[in-house]
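*Asks:*
There are 2 protein chains.
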Amino acid sequence: MTDLTVDFGNALDVEATPGVSEGILERLDERVADVHDTISTGMAEGEFGYASLNLPERTDPAAIEDAVADIDADHVLTVGIGGSALGAVTVSAALGLADRHHTLDNVDPEATRRLLDSLPLDRTAVNVVSRSGTTAETLANFLVVREALDEAGVDWTERTVVTTGEGGPLRAAAEEHGLPALDVPEGVPGRFSALSAVGLVPAAILGGDVEGVVAGGVAGREALLDGGSLFDYPGYAYGAVAYALEQRGATVNAMLPYAESLEPFAEWFAQLWAESLGKDGLGQTPARALGATDQHSQLQLYRGGRHDKLVTLVRPRERADVEIPATAVEGMRYLGDATLGELLDAEFEATEASLAAADQPNVRVEFPRVDGPGIGRLLFDVEAACVLAGELMGVETFTQPAVEWGKRAARGLLGGGEFAEADAVAEKTTRVVGGK
Amino acid sequence: MTDLTVDFGNALDVEATPGVSEGILERLDERVADVHDTISTGMAEGEFGYASLNLPERTDPAAIEDAVADIDADHVLTVGIGGSALGAVTVSAALGLADRHHTLDNVDPEATRRLLDSLPLDRTAVNVVSRSGTTAETLANFLVVREALDEAGVDWTERTVVTTGEGGPLRAAAEEHGLPALDVPEGVPGRFSALSAVGLVPAAILGGDVEGVVAGGVAGREALLDGGSLFDYPGYAYGAVAYALEQRGATVNAMLPYAESLEPFAEWFAQLWAESLGKDGLGQTPARALGATDQHSQLQLYRGGRHDKLVTLVRPRERADVEIPATAVEGMRYLGDATLGELLDAEFEATEASLAAADQPNVRVEFPRVDGPGIGRLLFDVEAACVLAGELMGVETFTQPAVEWGKRAARGLLGGGEFAEADAVAEKTTRVVGGK
């Protein structure tokens, strides 16, 4: 039911440049076996980062549903940023809840005002997510949201749930006001936390299939533990092929799902891949895309541009479909014999073949359908792929040291303390054209 | 009022690797002068592609507004894909109309059904855009939309406007049913058509500042024609610096606007840059991003990853702002002295400085505010930058030959004729892991 497959035929060097051979992969699989020992031992011992791959076992859907059972809402507004938002958005979209799950994951004043003006605040749950409870963007937005609810005469303490770490201001606020409070799991970086309360609270409030998502993750975890070879476990197949292609020049990974409900998955992937692997002068640049739309935007580049890309094509094997009405228009009658889904799948296969015909490496990822088990399995296997790739690359997959500099600079600029980084901002080298 | 500036101080080789020196740019400016002759002559003679840069002069906002004056609607549903949608979405978002402008730019059956179920069809205008009138996705969606309006008892012929080329099925449908019909301008590739009816019809229907958008383009065109040097005209400065950095290894261009209303601009840019420059084995891969959100997703990669990226930071100089309410939370009091806009701008400057501190090349683009003149100027100058870069690279900027293969394959797969490309799909090399 939750079977996910990875097909890397179009990444073999008989088809693609750069490409990998069976011989390359067989030698690589010896390293994969060693890395699998590291990963499975890390999982068994709950080590930092590796613990992420235990989430399907640790997460209790009923406990999440119980915690939010008293919140009666038609909409959820998630206040969080990065890993505190993208997993939840991805899960909600896959469960068909995108129209009722909204996010404040930026500090744009105009967009914030517009969103708050458009929501029925007395029917909206506020879901605040920050491990530390001190993320500047999230705190600022939460303060603005609370004020908006106050001004609308809505008691925010009756409609707010927090997901946070053991201590910090959000945990304190939850205790002070009696808010439901869930845990950001220990040992799990934010971008690996989709299969915990961090990713599942909005779906739980909106009645989505939280159990199914976790079950999909459980199936992925079992496949990982049963596997240990890139030739057996699709998560490892994807991670190993992506790594081997990056070594050979594929420094971009274009993620191209063929389903609108997977558009946030491409954004989630972009964070996972960039923050985990983009370090020490290495890492593929994730390019977020969407099929079939981006055939009319990015395909020219993917086919005719540099041979520096892996294109990852993702689709469900089944969709709810819509018939295309018959047409008498000359040359277009064939459309009337098809459905939108058949058209979309024909475009998927045509794009894949078109990349192969241009020797551009690509990989196909398929799973049964976009639903709870489907997205749970997809997220888990791609996380496992990322952990494997990081081990093969020799980077620290679970940290993000390069983002701290900017946080200190921004804080200093706003008067939140003395930081040398803020002084560097004033010393910017300028070379301006225009504005005369 | 419509002044746009490009600051490439952080792309100079004293700051960044790769980087450019004043000497490199002075030599390059001699080539820019030659290319400027080609561009300005092409504009004067209305040559294919170069004619795009005349759109601000050719486009008559009043004529567009007159054509749609009889359509009384609260929402617009644009049916189009690629260059037939992205420009309009970008303009609408910049004019604050994003919530009322919807797009069918994919053939996902589930998303299409959901969108049609959610719209008030009797208050929605249908805006169908295709130069040829034969784009498969657009025709299929238009047939589905017509049926939905029929089933809702709404007369689609009273609410539909088409923008298309001289002939073709859409033009014929417009004549048969007496629909308002606007022209896709001759000599202008779709991705360069935002400053024509293709980009402006939805804003015209929804009462947006169409005149302002065109005026912004006019200002850009005047600056281009007055300029001719990368040291004078910001559009050329951006195109020349991007080209020189690509030559030196910056094969990714991460577009990072700091305004939610510019998020579609990053998508529009991704098409413009990818389809125009991604050919003959060259071209930067555009990475669409959004500040400040992607600081928590992509910044680790941009700072700590490969030195293969130009990061383009874009912001308005002014925004409507929102105060952050005071907070007593320990260590967070500084937020209560700021606004969301100040926080966003501090993050912009902190990110820029953080990239510079890591020797990662970046360019700052600023303009007065996100409104009609602002977006018109931004779109024009970036188009000019793209044309300049294409000339410097020696590619055919205005064609997209690599996308035809897949179109033939998809058509063949759906029974729309005999195409050798469709046979290639059946011959795919498969190498599947998983699914046992």
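Line by line, the protein sequences give chains A and B.
Sequence positions in the first sequence follow the numbering used here and run 1 to 436.
Sequence positions in the second sequence follow the numbering used here and run 1001 to 1436.
Positions of the beta carbon are idealized from the N, C-alpha and C atoms, including for glycine.
Just curious, the alpha helix (DSSP H) that V439 (chain A) is in, first and last residue?
*Replies:* Coverage of chain A is limited to positions 1 through 436, which leaves residue 439 (chain A) absent and any answer about it impossible.
*Asks:* Taking Cβ-Cβ distances shorter than 7 Å, what residues in chain A pair up with W1405 (chain B)?
*Replies:* Chain A residues near W1405 (chain B): S354, A357.
*Asks:* Is T351 (chain A) near D308 (chain A), with beta carbons less than 7 Å apart?
*Replies:* No, they are not a contact pair.
*Asks:* Between M1001 (chain B) and chain A, is there a C-beta pair that is closer than 7 Å?
*Replies:* Its pLDDT being 46, under 50, M1001 (chain B) is placed unreliably in this model, and the coordinates cannot settle the point.
*Asks:* Are the C-beta atoms of Q400 (chain A) and some chain B residue less than 7 Å apart?
*Replies:* Output row for Q400 (chain A): interface = yes.
*Asks:* Report yes or no: do the segment 391-399 of chain A and the segment 64-82 of chain A share at least 3 C-beta pairs separated by less than 8 Å?
*Replies:* Touching, no.
*Asks:* Counting only C-beta atoms, is D150 (chain A) closer than 7 Å to chain B at any point?
*Replies:* It does not; no Cβ of chain B falls within 7 Å.
*Asks:* When the Cα atoms are used, what is the spatial distance from L77 (chain A) to A266 (chain A)?
*Replies:* Cα-Cα distance, rounded: 21 Å.
*Asks:* Buried or exposed: where does G220 (chain A) fall if 16 or more other Cβ atoms within 10 Å of its Cβ makes it buried?
*Replies:* With 16 or more other Cβ atoms within 10 Å, it is buried.
*Asks:* What number of angstroms, rounded off, separates the C-alpha of G217 (chain A) from the C-alpha of T163 (chain A)?
*Replies:* Approximately 20 Å, taken between the alpha carbons.
*Asks:* Would you say S21 (chain A) lies against chain B (beta-carbon separation less than 7 Å)?
*Replies:* Not one chain B Cβ lies under 7 Å of S21 (chain A).
*Asks:* From the DSSP secondary-structure annotation, give me the bridge partner or partners of K309 (chain A).
*Replies:* Bridge partners of K309 (chain A): A:V252.
*Asks:* Can you tell me where the beta strand (DSSP E) holding N127 (chain A) begins and where it ends?
*Replies:* Run containing N127 (chain A): 124-130, per the beta strand (DSSP E) assignment.
*Asks:* Give the interface partners of Q247 (chain A) over in chain B, defined as CB-CB distance under 7 Å, in chain order.
*Replies:* Going along chain B, no residue has its Cβ under 7 Å from Q247 (chain A), so there is no contact; the nearest lies around 13 Å.
*Asks:* DSSP puts V161 (chain A) in a beta bridge; with which residues?
*Replies:* The partner list for V161 (chain A) (beta bridge, DSSP) reads A:N127.
*Asks:* Please classify E263 (chain A): is it buried, with 16 or more other beta-carbons within 10 angstroms of its beta-carbon, or exposed?
*Replies:* Result: buried.
*Asks:* Please state the DSSP three-state secondary structure of T1339 (chain B).
*Replies:* Of the three classes helix, strand and coil, the one that applies to T1339 (chain B) here is strand, per DSSP.
*Asks:* Would L1224 (chain B) pass as a contact of Y1233 (chain B) if the rule is Cβ separation under 7 Å?
*Replies:* Their beta carbons are under 7 Å apart, which means L1224 (chain B) touches Y1233 (chain B) by this criterion.
*Asks:* Answer with yes or no whether the minimum CB distance from A274 (chain A) to chain B is below 7 Å.
*Replies:* By this cut-off, A274 (chain A) is an interface position.
*Asks:* Could you give the uninterrupted runs of the alpha helix (DSSP H) lying entirely in the segment 158-239 of chain A, keeping only those of 4 residues or more?
*Replies:* Within the segment 158-239 of chain A, the complete alpha helix (DSSP H) runs of at least 4 residues are 169-177, 197-205, 210-226.
*Asks:* Compute the distance between the beta-carbons of L1277 (chain B) and G1390 (chain B), then report whether it is under 7 Å.
*Replies:* In contact: L1277 (chain B) and G1390 (chain B) (Cβ atoms closer than 7 Å).
*Asks:* Compute the beta-carbon to beta-carbon distance between G438 (chain A) and V184 (chain A), rounded to the nearest angstrom, for a pair I have assumed lies under 8 Å.
*Replies:* Since the displayed chain A opens at 1 and closes at 436, residue 438 (chain A) lies outside it and no answer follows.
*Asks:* Residues of the segment 98-111 of chain A with a CB closer than 8 Å to any CB of chain B: list them in chain order, please.
*Replies:* The residues in question are D99, D105, N106, V107, D108, P109, E110, A111.
*Asks:* With C-beta atoms as the reference, is G9 (chain A) less than 7 Å away from R1364 (chain B)?
*Replies:* Going by C-beta atoms, G9 (chain A) is not nearer than 7 Å to R1364 (chain B).
*Asks:* By a C-beta neighbour count over all protein chains shown, 10 Å radius and 16 as the cutoff for buried, is F348 (chain A) buried or exposed?
*Replies:* Classification of F348 (chain A): buried, given that the 10 Å Cβ count is 16 or more.
*Asks:* If the criterion is Cβ atoms closer than 7 Å, does the pair D1074 (chain B) and R1123 (chain B) meet it?
*Replies:* For D1074 (chain B) and R1123 (chain B), yes; Cβs fall inside 7 Å.
*Asks:* Which residues in chain B sit within 9 Å of P234 (chain A), going by Cβ to Cβ distance?
*Replies:* Per Cβ cutoff of 9 Å: V1432, V1433, G1434, G1435.
*Asks:* Skipping 5 residues on each side, what residues in its chain have a beta carbon closer than 6 Å to that of P56 (chain A)?
*Replies:* Cβ within range, chain order: L195, V214, G217, V218, R221.
*Asks:* From the beta carbon of G1046 (chain B), is the nearest beta carbon of chain A less than 7 Å away?
*Replies:* Judged by the 7 Å Cβ criterion, G1046 (chain B) is not in contact with chain A.
*Asks:* In three-state DSSP terms, what is A1409 (chain B)?
*Replies:* Helix at A1409 (chain B).
*Asks:* Label E15 (chain A) either buried or exposed according to how many other C-beta atoms from any shown protein chain fall within 10 Å of its C-beta, with 16 as the threshold for buried.
*Replies:* So E15 (chain A) counts as buried.
*Asks:* Is V76 (chain A) a contact residue of the ligand PLP, with contact defined as CB to any heavy atom under 6 Å?
*Replies:* With respect to the ligand PLP, the structure shown offers nothing to examine, as it has no ligands at all.
*Asks:* Alpha carbon to alpha carbon, how far is Q247 (chain A) from R171 (chain A)?
*Replies:* Approximately 44 Å between the Cα atoms of the pair.
*Asks:* Closest to G1416 (chain B) by CA distance: which of B:N1253, B:V1129, B:A1136 is it?
*Replies:* The shortest C-alpha separation from G1416 (chain B) is found at B:A1136.
*Asks:* Name the chain B residues that come within less than 7 Å of R306 (chain A), Cβ to Cβ?
*Replies:* Those are T1251, G1281, L1282, G1283, listed as they occur along chain B.
*Asks:* Please report the distance separating the alpha-carbon of T112 (chain A) from that of L104 (chain A).
*Replies:* Near 7 Å, if we compare the C-alpha coordinates of L104 (chain A) and T112 (chain A).
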